[in-house]
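Presented below is the structure to which this report refers.
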Amino acid sequence: MNPEKQNIIPFKSLVKRLIYLFITIIFLVMVFFVGLFFNTTITASFQNNDSNLDSLYIDAKKKVILQNETAKFWKPADIALIKDSTLKQEVEYGKDLIAHTAKYLGPNGSVKPITNGMNCNNCHLDAGKKGCVK
Numbered sequence: 227m228n229p230e231k232q233n234i235i236p237f238k239s240l241v242k243r244l245i246y247l248f249i250t251i252i253f254l255v256m257v258f259f260v261g262l263f264f265n266t267t268i269t270a271s272f273q274n275n276d277s278n279l280d281s282l283y284i285d286a287k288k289k290v291i292l293q294n295e296t297a298k299f300w301k302p303a304d305i306a307l308i309k310d311s312t313l314k315q316e317v318e319y320g321k322d323l324i325a326h327t328a329k330y331l332g333p334n335g336s337v338k339p340i341t342n343g344m345n346c347n348n349c350h351l352d353a354g355k356k357g358c359v360k
């Protein structure tokens, strides 16, 4: 027998086995993806679920509306209209305490040396008359 023919037969067998292996791998990958595609629990996780997103927008919108409504009906009392002198002094002290908290309660505070030195007015704007910064 010719030596060239002897080499061709194992080569054909090897090529045939590689083709079968390649077809088997492609078939298994296709079965995997078809199973993945038709599995409802997996496909449901990839679908858009806008109900959660919509509820976040609705909650944020309600919060803004509530803040605007609160700003309309709540107005701080005018200190000049207070008749009682003791009450007027207390309200002025409270306003000063909000605006200059560190002076009273800061690291060098006259009442107590506590806190980080920030004033309440840093977050509660206009001495607490405009609400909180969020």
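For the sequence shown, this note's numbering assigns the number 227 to the initial residue and increments by one for each residue that follows.
Cβ coordinates follow ideal geometry from the N, Cα and C atoms, glycine included.
As the structure is a computational prediction, the values presented were derived from the model and not from experiment.
Residue i burial status per 10 Å Cβ neighbour count (16 or more: buried)
i	result
T267	exposed
T327	buried
N348	exposed
N265	exposed
N334	exposed
N294	exposed
Proximity below 8 Å, CB of residue i to CB of residue j
i	j	result
I305	E316	no
Own chain, CB closer than 7 Å to residue i, minus 5 neighbours either side, in chain order
i	result
I308	K314, V317
Contact set for residue i: own chain, Cβ-Cβ below 8 Å, skip 5 residues either direction
i	result
K287	none
Same chain, Cβ closer than 6 Å to residue i, five either side skipped, listed in chain order
i	result
I235	none
F263	none
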